[in-house]
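Asks: Have a look at the structure that comes next, please.
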Amino acid sequence: DKGREWKVYDYVTRHFIASLMDDVSYVERRATINVGGFDFDLVWHEVTERGFLFALPFRQKNMNLNEREITIRGRPILRGDKVTIRDFATKAQQTKPPDFLQEGELIGLMDEHGIGTDASIPTHIKNASIP
143 DKGREWKVYD YVTRHFIASL MDDVSYVERR ATINVGGFDF DLVWHEVTER GFLFALPFRQ
203 KNMNLNEREI TIRGRPILRG DKVTIRDFAT KAQQTKPPDF LQEGELIGLM DEHGIGTDAS
263 IPTHIKNASI P
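Under the working numbering, read the sequence shown as residues 143 to 273, first letter to last.
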């Protein structure tokens, strides 16, 4: 399949070229905004050298860089600046417990972690079962 072969070739050559390029450099910026006695932290990144990302742009996703610059009237935010909160929202959510393990899943996990022996597994399952 030519499509697959091309993808492999593309990835290998991009990886090789990237290995010859400079590292990615960035500056992490942080701001804490106090609203009514509650602190909210903002973190963003200024990439100063894209380095190997020119060859492997998809790698940036795994780097968790937030390049959205926080500015006030077109200039970077500075210590002591006053900001206006235009909008905010809260969202209430609940978590739910995980589903019960099936017997086969429990046996597999016990085996993977070295818990019990073949003879003791039924006893462990009985003890862990819900009455």
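Every residue gets a Cβ at the ideal spot worked out from N, C-alpha and C, and that includes glycine.
Roughly how many angstroms separate the alpha carbons of T174 and M205, rounded to a whole number?
Replies: 22 Å
Asks: Just tell me which of I249, S161, N208 has its CA closest to the CA of A197.
Replies: Among I249, S161, N208, the Cα nearest to that of A197 is on S161.
Asks: Tell whether a beta-carbon distance below 9 Å holds between V185 and R172.
Replies: yes
Asks: Are D164 and G193 close, meaning C-beta to C-beta below 9 Å?
Replies: yes
Asks: With distance defined between alpha-carbon atoms, name the residue in M252, T237, K238 nearest to Q244.
Replies: M252
Asks: List the endpoints of the continuous beta strand (DSSP E) containing E191.
Replies: 180–191
Asks: Quick one: Cα of P240 to Cα of F230, how far?
Replies: 31 Å
Asks: Can you grab the Cα-Cα spacing for the pair R201 / R215, in whole Å?
Replies: Here the alpha carbon of R201 sits roughly 32 Å from the alpha carbon of R215.
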